[in-house]
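No gaps in the numbering here: position 75 of the sequence shown is 121 in my numbering, and each next residue is one more.
Beta carbons are placed, not taken as given, at the ideal position from N, Cα and C, and that holds for glycine.
Some notes on the structure that comes next.
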Amino acid sequence: MKYSGRSLPVLEFESLDTMIGEIKSKPKPLALYLFTESKAVEKKIIDNISYGGGCINDAFIQVGNPYLPFGGVGASGIGAYHGRRSFETFLTRRVS
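Quick look at the structure:
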């Protein structure tokens with residue numbers, strides 16, 4: 047697997063554990079989109095990988111919904127945005 051960090055990587059794998067290890071060895075991803083028919087694979091990915099936003103068997107659907115926040119975790123993002131979350135992310139709160 048070759049990953050430059052500048053494109054959308056599509057990862058193919060033979061071992062789920064190896065793939066999880068590869069992803070966890072890099073900074074947390076902004077998003078993760080998993081395509082699988084296996085509920086066991088879905089659960090293992092969700093339980094073992096931290097990512098900003100994502101979908102199972104779909105791509106980008108959460109970005110199209112203005113009521114869901116979207117943002118990264120760790121170095122992959124600076125907060126959530128969409129609707130009220132955008133307002134809260136960019137708001138400077140003042141205590142009177």
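Starting from residue i, trace the alpha helix (DSSP H) in both directions and tell me its first and last residue.
{"i": "ILE92", "result": "85-94"}
{"i": "CYS62", "result": "One detail in the question is off: residue 62 reads as Leu in this sequence, not Cys. Element bounds for LEU62: 62-70."}
Cβ atoms of residue j and residue i: under 9 Å apart, would you say?
{"i": "GLY95", "j": "ILE66", "result": "Residue 95 is actually Ile in this sequence, not Gly. Result yes, Cβ atoms of ILE95 and ILE66 sit closer than 9 Å."}
{"i": "LYS90", "j": "LEU57", "result": "no"}
CB-CB under 7 Å to residue i, same chain, minus the five flanking residues each way: which ones, in chain order?
{"i": "PHE81", "result": "ASN103"}
{"i": "PHE59", "result": "MET65"}
Alpha carbon to alpha carbon, how far is residue j from residue i? Give it in angstroms, no decimals.
{"i": "VAL141", "j": "CYS101", "result": "38 Å"}
{"i": "ASP93", "j": "SER71", "result": "16 Å"}
{"i": "ALA86", "j": "PRO75", "result": "21 Å"}
Keeping to the same chain, check which residues put their C-beta closer than 8 Å to that of residue i; ignore five residues upstream and five downstream.
{"i": "ALA105", "result": "TYR79"}
{"i": "GLU88", "result": "LEU80, THR82, ILE102"}
Within the same chain, show all residues whose beta-carbon is closer than 6 Å to that of residue i, passing over the 5 residues directly before and after it, in chain order.
{"i": "ILE69", "result": "ILE95"}
Considering residue i, what are the terminal residues of the beta strand (DSSP E) in which it resides?
{"i": "TYR97", "result": "Element bounds for TYR97: n/a, residue is neither H nor E."}
{"i": "LEU80", "result": "77-80"}
At a Cβ threshold of 9 Å, is residue i touching chain D?
{"i": "TYR79", "result": "Chain labels in this structure do not include chain D; a single protein chain is all it has."}
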